[in-house]
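Below is one structure, written out as structure tokens; comments come after it.
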Amino acid sequence: MGSSSNIKGVFIIIGLIVLVGFVFAGQYNSLVKMDEGVKAAWAQVENQLQRRYDLIPNLVETVKGYAAHEKEVLLEVTEARAKVGQARSPEEKIEANNRLSSALGRLLVVVERYPDLKANQNFIRLQDELAGTENRIAVERRRYNEAVRAYNAKIRSFPTNLIASMFGFERAKFFEVPEAAKEAPKVKF
9 MGSSSNIKGV FIIIGLIVLV GFVFAGQYNS LVKMDEGVKA AWAQVENQLQ RRYDLIPNLV
69 ETVKGYAAHE KEVLLEVTEA RAKVGQARSP EEKIEANNRL SSALGRLLVV VERYPDLKAN
129 QNFIRLQDEL AGTENRIAVE RRRYNEAVRA YNAKIRSFPT NLIASMFGFE RAKFFEVPEA
189 AKEAPKVKF
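Each residue of the sequence shown is one higher than the one before, counting from 9 in the numbering used here.
In structure tokens, the structure reads:
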């Protein structure tokens with residue numbers, strides 16, 4: 009009977025080890041899936057940011073034709089766009105795009121001074137495309153931040169936090185908009 013209880017004890021220990029292994033594997037796979045979800049959401053944000061990035065040269069050229077002496081604002085938009093092109097990490101891209109949003113806001117305020125520009129069909133089309141793109145960016149930014157929130161909560165909860173630290177899963181950064189950029193400039197066309 010003694011050896012029978014030893015065998016039961018060994019099977020119980022093996023069973024517990026297997027159970028813990030399955031729990032750890034499941035949690036690890038869950039983290040991988042959520043990490044990929046954050047990356048996929050960021051890719052969608054980048055798609056929309058690229059769309060805006062591509063619209064800016066045409067917008068600047070159109071404004072330049074009517075408001076050539078507004079060089080400071082046009083230069084600010086052009087430089088902010090260049091910074092977006094140079095940004096590599098998500099953090100750098102977020103910061104560069106926040107600067108670009110701010111510069112675009114100032115450009116649209118300048119446009120108010122030029123009634124002929126506001127009536128230009130090319131400008132109206134570009135402004136509509138930009139507004140639509142800004143809306144898409146907001147939607148994708150919200151989705152990205154939701155994925156980041158869920159992922160960050162997961163890597164901070166027990167027992168997933170143990171697995172996250174063992175395998176190097178780090179907190180993702182939110183795409184936060186600075187307070188100044190939250191107030192969209194009021195532009196009437």
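Glycine included, C-beta positions come from ideal geometry on N, C-alpha and C.
Simplified DSSP assignment, three categories, for residue i
{"i": "G176", "result": "coil"}
{"i": "K196", "result": "In this prediction, K196 scores a pLDDT of 45, lower than 50, which makes its location untrustworthy; no coordinate-derived value is stated."}
{"i": "E184", "result": "coil"}
{"i": "P167", "result": "coil"}
{"i": "F30", "result": "helix"}
C-alpha distance - residue i paired with residue j, whole-angstrom precision
{"i": "G73", "j": "V156", "result": "42 Å"}
{"i": "L138", "j": "A172", "result": "40 Å"}
{"i": "V85", "j": "A76", "result": "14 Å"}
{"i": "R59", "j": "S109", "result": "13 Å"}
{"i": "L170", "j": "S38", "result": "13 Å"}
{"i": "N105", "j": "L112", "result": "10 Å"}
{"i": "N160", "j": "I102", "result": "18 Å"}
{"i": "R179", "j": "I163", "result": "7 Å"}
{"i": "G45", "j": "F30", "result": "22 Å"}
{"i": "V18", "j": "S11", "result": "10 Å"}
{"i": "N130", "j": "G140", "result": "15 Å"}
{"i": "W50", "j": "E87", "result": "24 Å"}
{"i": "I145", "j": "E80", "result": "26 Å"}
{"i": "N55", "j": "L67", "result": "19 Å"}
{"i": "G34", "j": "P186", "result": "37 Å"}
{"i": "Y36", "j": "S165", "result": "13 Å"}
{"i": "R114", "j": "M174", "result": "47 Å"}
{"i": "P65", "j": "A90", "result": "11 Å"}
{"i": "L57", "j": "I25", "result": "48 Å"}
Buried or exposed (CB count within 10 angstroms, at least 16 for buried), residue i
{"i": "E148", "result": "buried"}
{"i": "F177", "result": "buried"}
{"i": "Q94", "result": "exposed"}
{"i": "M42", "result": "buried"}
{"i": "K194", "result": "Only weak support is given to the placement of K194: the predicted model assigns it a pLDDT of 49, under 50, and the question is left unresolved by the model."}
{"i": "I21", "result": "exposed"}
{"i": "F183", "result": "buried"}
{"i": "V40", "result": "exposed"}
{"i": "R133", "result": "exposed"}
{"i": "S13", "result": "exposed"}
{"i": "L125", "result": "buried"}
Residue-level contact to chain E via CB, residue i, 8 Å cutoff
{"i": "N153", "result": "Reference to chain E is not applicable here, since this structure consists of a single protein chain."}
Heavy atom of the ligand COA within 7 Å of residue i beta-carbon
{"i": "V71", "result": "This structure does not include the ligand COA; it has no bound ligands of any sort."}
Completely contained alpha helix (DSSP H) runs for the stretch 68-128, where each covers 4 or more residues: Whole alpha helix (DSSP H) segments, 4+ residues: 79-94, 98-119 and 123-127.
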